[in-house]
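Below is one structure; the comments refer to it alone.
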Amino acid sequence: MTQWEYQVAPIPLHNEALMLNNFGQDGWELVAIHTNAQGGLVAFLKKPKA
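Residue numbers for the sequence shown follow the working numbering, beginning at 151 and rising by one.
Put into structure tokens, the structure is as follows:
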């Protein structure tokens, strides 16, 4: 069974694609993205544990 590592990260509103692409290059998969109470974006990511 695959075990997962998770990360929650704020995403700057002026550079969303660059930030998400950087996470992807590091092996992170975007699971969900939500708007926080202040109007910013928060990404929920996962990758298999090494």
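Backbone N, C-alpha and C define an ideal beta-carbon position, used for all residues, glycine too.
For residue i, the first and last residue of its enclosing alpha helix (DSSP H)
i	result
Q175	E166 to Q175
Close-in-space but distant-in-sequence residues of the same chain around residue i (CB under 7 Å, 5 per side omitted)
i	result
M169	I161 and P162
H179	Reading off the sequence, residue 179 comes out as Glu, not His. Answer for E179: L195, K196 and K197, listed in chain order.
Close-in-space but distant-in-sequence residues of the same chain around residue i (CB under 6 Å, 5 per side omitted)
i	result
F194	V158, V181 and A182
Y156	K196
Q212	This structure cannot settle anything about residue 212, because the visible part of the chain is limited to 151 through 200.
Run of the beta strand (DSSP E) containing residue i, from where it starts to where it stops
i	result
T185	E179 to T185
K196	L191 to P198
Contacts around residue i, its chain only, beta-carbon distance under 8 Å, and the 5 residues preceding and following it disregarded
i	result
V192	V158, A159, P160, I161, I183, H184, T185 and N186
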